[in-house]
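Note sheet for the following structure.
Residue numbers (the numbering used here), protein chains in the order written: chain A, 1 to 477; chain B, 1 to 261.
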């Protein structure tokens, strides 16, 4: 098939600026050129049927039906060279280590605030800061056991961190299923390409969760808000892959500050809860009193050190968009190292001089809510209508502290199989970083792709799709 | 001043509850302002303890048999030292208390009202007076789920509502402020002794603002718990299954120790 190339000035993952195939991508390029359109179309239909049958769907909030939907899967993988991954991996390790150190610090001695690196108000008045975590001792001082770090590649060829996700990052099941799907549809490709495996992720996750407790053989469960949650499929999937129980709040109870799971042979004590519900819903007696999702008394058990939550409560303060600009400083402060991965330059609208710059340059910037997620509540200046721009101008003036702004980055593109044939589409990358006895990750992560031509919004709730992510073990292919 | 406190909380249920779990913040802690000379919390259930993030003493009570009545009795003697509040009695930097919560979110009316005041004691005393003028002290018209904005619109409420409004105003104009639940000793008979008030951070120290009593010193206040709002400091928070309609009765006495009740 014919492969359309990316417009000039963009970084394409397959071709360099002179339209030469990048190192490590020759095999993929050859395969795409040799495959005809009807074969790819047939394989795509096959993938759709298989995904539907597996039940890999997600809910979109705000849609009338809350109906299950397939996340579109693209057949053409995204390739990351061994050399690029080496650098990414060291950068991710460094970043997540600093974020965990920061979380420990702001719930204990506040060194970073005392040193004047970040203001007390920005940390402590942040709605994600959980006073209930104050001076709580956690095994290995770990808060974010599972982190999903969103990266993009800019047109200078460098990876930049767009966002850290330290609450309940989701999407890893798509990473795993996308690989399985590719191996099933195109086994011959994997026989030739030196693609690093990812299927041991559930083992590493299980190891990480067990290491979250200091007990020799802890009982670990996955706590889900239930089947109406958009990521329910993933909760069930991970529990099954790890061979541990998937529970809802009503399956657990607290007695004498210990947590028990109801089983057919009586109560069984639970030591680690991989919880996939938000802080405010964990315990109706400490958070939202109307929540039926959590476990009454769970906070008391946690506070008493008798159960570990992964991730810890109160991690949201470290991945908040208003704290994000300080992560490079955290790395310098706690580790005494220069950051390996770069941040996107960010204007904090809470600062008057930043706000005035943002208002003057709104049409060229991306504006995001500090508390927003999932691509909701954001403005992409260059794509916005006059009305949208003026609406955001008002919002910024009323609540400047709710917003940050960044330059409109040119996310890299990758050939994608769309209606018009094989055409370049923008993408990002979310690797999953696990912190236990040591920091581990599988090579790669979840690649999300904006399927609409020119679109920069990759979120699945906004019409994004996913791709298999190939980290090469050897770039000479 | 030594004060004797007795506080009964009685829940009655139309049909027996199957089980229930409660967080009880009914134990005062020692501070420079109050020495707990004796204290006993009597409950019908199984109990365990924790100290929450704000440093409050929490008794966790579980009942796992059907009951149609739960009686909680807190009783003891506390010595009020008369020392002023200091800066060091909170485990947190004061900025933690700048954040608004669902119960203390300032709406447009509260914001407009709050803007007339500024971050000094005289101005806040004036604000306290104005709040009490606008919000008539009326027991029974609001509930514990009422927000500051709702009570402000309604124009009446109890100490919890006055305190939430005061907090919403302070946070809107950038003053860290916390919610306090506890008891107050008064010589008048018609006043509730279970009480709520606020403490605001003005530069170097915490300052008491008891809106309902228009007091800015805590000379007769016994502190049970502090937090961002009522939810953090509530003397009782519980969940239960079964029980039908709940009827709550509270009785409390605060007297000079040694007096007859």
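We treat Cβ as the ideally placed atom computed from N, Cα and C, and that holds for glycine.
Because the structure is a prediction, the values reported are computed rather than measured.
Query, Result
"Test: residue 127(A) CB closer than 7 Å to a CB of chain B", "yes"
"Residue-level contact to chain A via CB, residue 256(B), 7 Å cutoff", "no"
"Cβ separation of residue 341(A) and residue 91(A), assumed to be a contact under 8 Å, to the nearest whole Å", "4 Å"
"Residue 280(A): first and last residue of the uninterrupted beta strand (DSSP E) it sits in", "Where residue 280(A) is concerned, there is no enclosing beta strand (DSSP E), given that its DSSP letter is neither H nor E."
"Distance CB(residue 116(B))-CB(residue 81(B)) smaller than 7 Å", "no"
"C-beta atoms of residue 249(B) and residue 5(B) nearer than 7 Å", "no"
"Residue range of the beta strand (DSSP E) that includes residue 465(A)", "464-471"
"CB contact check: residue 248(B) to chain A, cutoff 7 Å", "no"
"Start and end residues, beta strand (DSSP E) containing residue 66(B)", "Segment: none, residue 66(B) is in no beta strand (DSSP E) and carries neither H nor E."
"Short Cβ contact (7 Å threshold) for residue 413(A) with residue 431(A)", "no"
"Near-chain B residues of the region 303-320 of chain A (beta-carbon distance less than 7 Å), N- to C-terminal order", "303, 304"
"According to DSSP, residues forming a beta bridge with residue 246(A)", "222(A)"
"Beta-ladder partner(s) of residue 23(B), from DSSP", "60(B), 237(B)"
"Residue 285(A): contacting residues in chain B (beta-carbon distance under 8 Å)", "21, 22, 23, 237, 238, 239"
"Whole-angstrom C-beta distance between residue 51(B) and residue 60(B), which should lie under 8 Å", "Actually they are not in contact, since the Cβ atoms of residue 60(B) and residue 51(B) sit about 11 Å apart, beyond 8 Å."
"Reference residue 322(A), options 196(A), 420(A), 406(A), closest by Cα", "406(A)"
"Chain-ordered neighbours of residue 131(A) on chain B, where CB pairs are closer than 8 Å", "53, 54, 92, 96, 227, 228, 232"
"Same chain, Cβ closer than 7 Å to residue 242(A), five either side skipped, listed in chain order", "202, 205, 206"
"Assigned secondary structure, residue 115(A) (DSSP; H/G/I helix, E/B strand, else coil)", "coil"
"Cβ pair residue 159(B), residue 114(B) closer than 7 Å", "no"
"is_contact[residue 36(B), chain A] using C-beta, thresh 7 Å", "no"
"Beta-carbon spacing of residue 334(A), residue 98(A) below 7 Å", "yes"
"Contact set for residue 300(A): own chain, Cβ-Cβ below 6 Å, skip 5 residues either direction", "257"
"Under 9 Å (Cβ pairs) to chain A, residues found in the region 53-75 of chain B", "53, 54, 55, 58, 60, 62, 64"
"Below-7 Å beta-carbon distance, residue 257(A) vs any chain B residue", "yes"
"Where the beta strand (DSSP E) containing residue 179(B) begins and where it ends", "177-184"
"Meets three-Cβ-pair contact criterion under 8 Å: the region 78-92 of chain A and the region 146-162 of chain A", "yes"
"Nearest residue (CA-CA) to residue 194(B), options 184(B), 220(B), 188(B), 94(B)", "184(B)"
"First and last residue of the uninterrupted alpha helix (DSSP H) at residue 390(A)", "386-398"
"Close beta carbons around residue 63(A), own chain, < 7 Å, minus the five adjacent residues each side", "Because residue 63(A) carries a pLDDT of 45, less than 50, the predicted location of this residue cannot be relied on, and the following value inherits that uncertainty. Within the same chain, residue 63(A) has no close Cβ partners at all."
"CB contact check: residue 181(B) to chain A, cutoff 7 Å", "no"
"Proximity below 7 Å, CB of residue 428(A) to CB of residue 370(A)", "no"
"First through last residue of the beta strand (DSSP E) which encompasses residue 165(A)", "159-165"
"Alpha helix (DSSP H) runs wholly inside the region 179-235 of chain A, at least 4 long, in chain order", "187-192, 201-211"
"Exposure label - residue 271(A); buried when at least 16 CB within 10 Å", "buried"
"Residue 65(A) versus residue 228(A): straight-line alpha-carbon distance, rounded", "For residue 65(A), the predicted structure reports a pLDDT of 45, less than 50, and the residue's modelled location is therefore unreliable. The matter cannot be settled from this model."
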